[in-house]
Structure formats: C-alpha cells, structure tokens
Amino acid sequence: QKEVEQNSGPLSVPEGAIASLNCTYSDRGSQSFFWYRQYSGKSPELIMSIYSNGDKEDGRFTAQLNKASQYVSLLIRDSQPSDSATYLCAVNSGGSNYKLTFGKGTLLTVNP
Amino acid sequence: KAGVTQTPRYLIKTRGQQVTLSCSPISGHRSVSWYQQTPGQGLQFLFEYFSETQRNKGNFPGRFSGRQFSNSRSEMNVSTLELGDSALYLCASSSNTGGAGNTIYFGEGSWLTVV
C-alpha cells in the first residue's frame with residue numbers, strides 16, 4: 002500500500018510568520034506532487050504542483066521536493082488568517098498520473 | 339472557463355438504496371476521476387475514466403461503479419448504501435497531457451448522508 006504521510010497537526014502560527022508543512026511518500030516511482038488547500042466544508046483547491054527536485058516559488062508559497070529522501074514540503078511566508086485551512090499533500094501513484102494518493106492533511110491556523 | 343461541476347450538491351439516502359452522482363469536467367478535459375472523503379479515511383481514490391473506459395481503480399467494493407459518456411461527462415453509482423458510505427464525493431478532471439505535469443482539478447463535491 003503506497004502511503005503519503007504528513008506532519009501531524011494542528012499547526013498554529015502567528016500572522017506574518019512562516020508556516021512549514023511536510024510530507025513523505027513511499028512510492029519511489031511517483032513523479033507528480035501537489036499541495037491542495039481545503040477550507041472547512043469546501044473541496045480541495047490546488048495551490049502548488051512540483052515535478053522536479055528543488056524549490057518552486059509562487060507568490061508567498063514555496064514547494065520543495067527531494068525525491069532521494071522522498072520528501073516534499075510547502076512553506077507559506079507572511080502567513081495570513083485567510084491561510085487557515087487544511088493542507089493536503091498528494092502524490093501520483095500506481096504508475097498513473099491520474100491517480101492521486103493523499104495524506105490525511107495538516108490543519109493550519111494563523112492567529113491574528 | 340467553467341470548472342468541474344457536480345450534481346447534486348447535497349443528498350440524503352436511506353440504507354439499502356442506491357445513488358447516482360453526476361460530474362461535468364472542465365471543457366476539453368477527457369480524464370475524470372472520483373474520490374471519497376471521510377473524516378476517518380481522508381481522501382481516497384475511487385476510479386478514473388478516460389474516453390469512456392475505466393483506466394484506474396481504487397480499493398473499493400463492487401457496490402461503487404462509474405461510467406463516462408462520449409462527451410466526457412461522468413456518473414458514479416453506489417448501490418445498497420451503507421451508513422459508512424456517508425461522505426463527500428469529489429469529482430476531478432484532468433487534461434491528459436501525459437507524463438508529469440498533469441494537473442487535477444476538483445469540483446465542489448456531492449455531500450451524501452446515509453441514514
């Protein structure tokens with residue numbers, strides 16, 4: 002059973018701080034890695050995708066991938082109360098780019 | 339460009355009944371997949387369809403089935419509903435560009451409650 006593990010939450014940070022979310026995966030064949038944000042009662046919203054080793058930045062978000070360590074992370078700089086949500090790490094699995102395995106999610110709370 | 343559209347958004351069914359959920363993918367997307375989300379198990383992959391064929395399948399019992407039509411719209415069906423089937427059912431679509439770089443977008447989901 003291919004697994005995706007996320008650091009246990011909940012995670013609480015003050016407004017303006019950096020929030021760090023971590024994820025490890027077991028399928029060495031995975032090629033596509035995603036971070037989704039899910040507000041309570043809503044569906045997951047894609048915020049970052051990363052496919053090669055290194056960092057990828059998009060505004061206040063930076064995704065980091067290390068395939069050798071099977072590790073992917075998401076940094077949120079200048080955290081805002083509106084960033085308070087559950088963050089889901091997803092990895093393609095089973096050799097398919099159309100089948101995602103999700104972690105259980107990390108609940109982030111940004112305190113004003 | 340319209341997103342992934344799911345209907346109905348909310349429904350309540352009784353144990354033993356069956357339910358059909360519908361999904362219209364983003365225009366031009368030919369891959370449609372379905373996921374179940376519960377508080378205990380999180381988000382779990384049900385199946386994926388492309389060109390009216392099931393291409394990938396998750397670890398769910400045969401009570402869960404789906405299909406895709408020639409216009410890429412998809413339906414999923416759950417027969418003989420159990421209380422544990424209460425969940426948010428999410429449809430997602432993808433453009434099938436192939437290889438890494440394929441992005442999957444979710445609809446707003448269908449909330450199913452089984453009583």
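Sequences listed follow chains A and B, in order.
Okay, so the first sequence: first residue is 2 according to our numbering, each after it adds one.
Okay, so the second sequence: first residue is 339 according to our numbering, each after it adds one.
Positions of the beta carbon are idealized from the N, C-alpha and C atoms, including for glycine.
Residues that residue i contacts on chain A, provided the C-beta gap is smaller than 8 Å
{"i": "glutamate 446 of chain B", "result": "Lys43, Ser44"}
{"i": "tyrosine 443 of chain B", "result": "Leu47"}
{"i": "glutamate 386 of chain B", "result": "Ser97, Tyr99, Lys100"}
Integer-rounded CB distance, given that residue j should sit under 8 Å from residue i
{"i": "serine 410 of chain B", "j": "proline 363 of chain B", "result": "5 Å"}
{"i": "aspartate 84 of chain A", "j": "glycine 17 of chain A", "result": "Rounded, the Cβ-Cβ distance is 11 Å, inconsistent with contact."}
{"i": "isoleucine 51 of chain A", "j": "phenylalanine 34 of chain A", "result": "5 Å"}
{"i": "glycine 396 of chain B", "j": "phenylalanine 385 of chain B", "result": "6 Å"}
{"i": "serine 36 of chain A", "j": "leucine 75 of chain A", "result": "The sequence given here places tryptophan at residue 36 of chain A; serine does not occur at that position. Right, their Cβ atoms sit about 5 Å apart."}
{"i": "serine 44 of chain A", "j": "glycine 447 of chain B", "result": "5 Å"}
{"i": "alanine 425 of chain B", "j": "serine 371 of chain B", "result": "So it is not a contact: roughly 15 Å between Cβ atoms."}
{"i": "leucine 285 of chain B", "j": "arginine 347 of chain B", "result": "No statement about residue 285 of chain B is possible, as the shown extent of chain B runs from 339 to 453 and does not include it."}
{"i": "asparagine 23 of chain A", "j": "glutamine 39 of chain A", "result": "Wrong, their Cβ atoms sit about 17 Å apart, outside the cutoff."}
{"i": "phenylalanine 383 of chain B", "j": "lysine 100 of chain A", "result": "5 Å"}
{"i": "serine 412 of chain B", "j": "cysteine 361 of chain B", "result": "5 Å"}
{"i": "tyrosine 373 of chain B", "j": "leucine 428 of chain B", "result": "4 Å"}
Contacts of residue i in chain B (Cβ-Cβ under 9 Å)
{"i": "tyrosine 40 of chain A", "result": "Within 9 Å Cβ-Cβ: nothing; tyrosine 40 of chain A doesn't reach chain B, min ~12 Å."}
{"i": "glycine 17 of chain A", "result": "Ordered by position in chain B, no residue passes the 9 Å Cβ test against glycine 17 of chain A, which lies about 30 Å from the chain."}
{"i": "leucine 89 of chain A", "result": "Gly380, Leu381"}
Cβ of residue i within 8 Å of any chain E Cβ
{"i": "asparagine 98 of chain A", "result": "Looking for chain E here will not work: the only protein chains present are A and B."}
Residue from the options whose Cα sits closest to the Cα of residue i
{"i": "glycine 30 of chain A", "options": "A:Glu4, A:Gln39, A:Leu22", "result": "A:Glu4"}
{"i": "asparagine 440 of chain B", "options": "A:Gln32, A:Glu6, A:Gln7", "result": "A:Gln32"}
{"i": "serine 417 of chain B", "options": "B:Thr345, B:Tyr348, B:Thr358", "result": "B:Thr358"}
{"i": "serine 405 of chain B", "options": "B:Thr451, B:Ser369, B:Gln382", "result": "Per the sequence shown, the amino acid found at residue 405 of chain B is arginine instead of serine. For the residues B:Thr451, B:Ser369, B:Gln382, the minimum Cα distance to arginine 405 of chain B belongs to B:Ser369."}
{"i": "glutamine 356 of chain B", "options": "B:Ser371, B:Ala425, B:Phe385, B:Phe402", "result": "B:Phe402"}
{"i": "glycine 422 of chain B", "options": "B:Gly378, B:Trp372, B:Gly341, B:Cys361", "result": "B:Gly378"}
{"i": "serine 70 of chain A", "options": "A:Gln7, A:Thr25, A:Gly95", "result": "A:Thr25"}
{"i": "glycine 341 of chain B", "options": "B:Gly366, B:Tyr427, B:Ile350, B:Glu390", "result": "B:Gly366"}
{"i": "glutamate 46 of chain A", "options": "B:Thr343, B:Phe444, B:Arg353, B:Gly380", "result": "B:Phe444"}
{"i": "isoleucine 1 of chain A", "options": "A:Asn54, A:Glu6, A:Thr110, A:Ser41", "result": "Residue 1 of chain A cannot be examined here, being either before or after the span of chain A that is shown, 2 to 113."}
{"i": "glutamine 375 of chain B", "options": "A:Gly95, A:Leu89, A:Tyr99", "result": "A:Leu89"}
{"i": "lysine 97 of chain A", "options": "B:Phe398, B:Thr345, B:Arg393", "result": "First, the residue type needs correcting, since residue 97 of chain A is serine and not lysine in the sequence shown. Comparing Cα-Cα distances from serine 97 of chain A to each of B:Phe398, B:Thr345, B:Arg393, the minimum goes to B:Arg393."}
{"i": "valine 73 of chain A", "options": "A:Gly60, A:Phe103, A:Arg61, A:Gln81", "result": "A:Phe103"}
{"i": "valine 14 of chain A", "options": "A:Lys105, A:Leu101, A:Gln81, A:Gly95", "result": "A:Gln81"}
{"i": "serine 27 of chain A", "options": "A:Asn112, A:Tyr99, A:Ser94", "result": "A:Ser94"}
{"i": "valine 453 of chain B", "options": "B:Gln344, B:Thr343, B:Ile350", "result": "B:Ile350"}
{"i": "glycine 131 of chain A", "options": "A:Asn112, A:Ala91, A:Ala86, A:Pro113", "result": "Residue coverage of chain A in this structure runs from 2 to 113, which leaves residue 131 of chain A outside it and unanswerable."}
Closer than 7 Å at the beta carbon, the chain B residues around residue i
{"i": "serine 50 of chain A", "result": "Thr441"}
{"i": "glycine 10 of chain A", "result": "Ordered by position in chain B, no residue passes the 7 Å Cβ test against glycine 10 of chain A, which lies about 13 Å from the chain."}
Chain-ordered neighbours of residue i on chain A, where CB pairs are closer than 7 Å
{"i": "leucine 428 of chain B", "result": "Ser44"}
Contact list for residue i against chain A, beta-carbon separation under 9 Å
{"i": "serine 433 of chain B", "result": "Near serine 433 of chain B there are no residues of chain A at all, since even the closest Cβ is about 10 Å away, more than 9 Å."}
{"i": "arginine 393 of chain B", "result": "Ser97, Tyr99, Lys100"}
Interface residues of chain B facing residue i [CB-CB closer than 8 Å]
{"i": "lysine 105 of chain A", "result": "Gly380"}
Residue i CB to nearest heavy atom of the ligand FAD below 7 Å
{"i": "tyrosine 443 of chain B", "result": "Only the bare structure without any ligand can be found here, which leaves the ligand FAD out of the picture."}
Output, in sequence order along the chain, the residues in the region 360-384 of chain B whose CB is closer than 7 Å to any CB in chain A.
-> Ser369, Ser371, Gly380, Leu381, Phe383
In the region 352-376 of chain B, which residue ranges form an unbroken beta strand (DSSP E) of at least 3 residues, counting only runs that do not cross its ends?
-> 357-362, 369-376
Inside the region 406-453 of chain B only - alpha helix (DSSP H) runs reaching at least 4 residues = Counting only runs of 4+ residues, no alpha helix (DSSP H) is found wholly inside the region 406-453 of chain B.
Ranges of the beta strand (DSSP E) found wholly within the region 375-401 of chain B, counting only runs of at least 3 | 380-388, 391-395
Taking only runs of the beta strand (DSSP E) that begin and end inside the region 25-82 of chain A, which ones reach a length of at least 3 residues, in chain order?
-> 34-39, 46-51, 55-59, 62-67, 72-77
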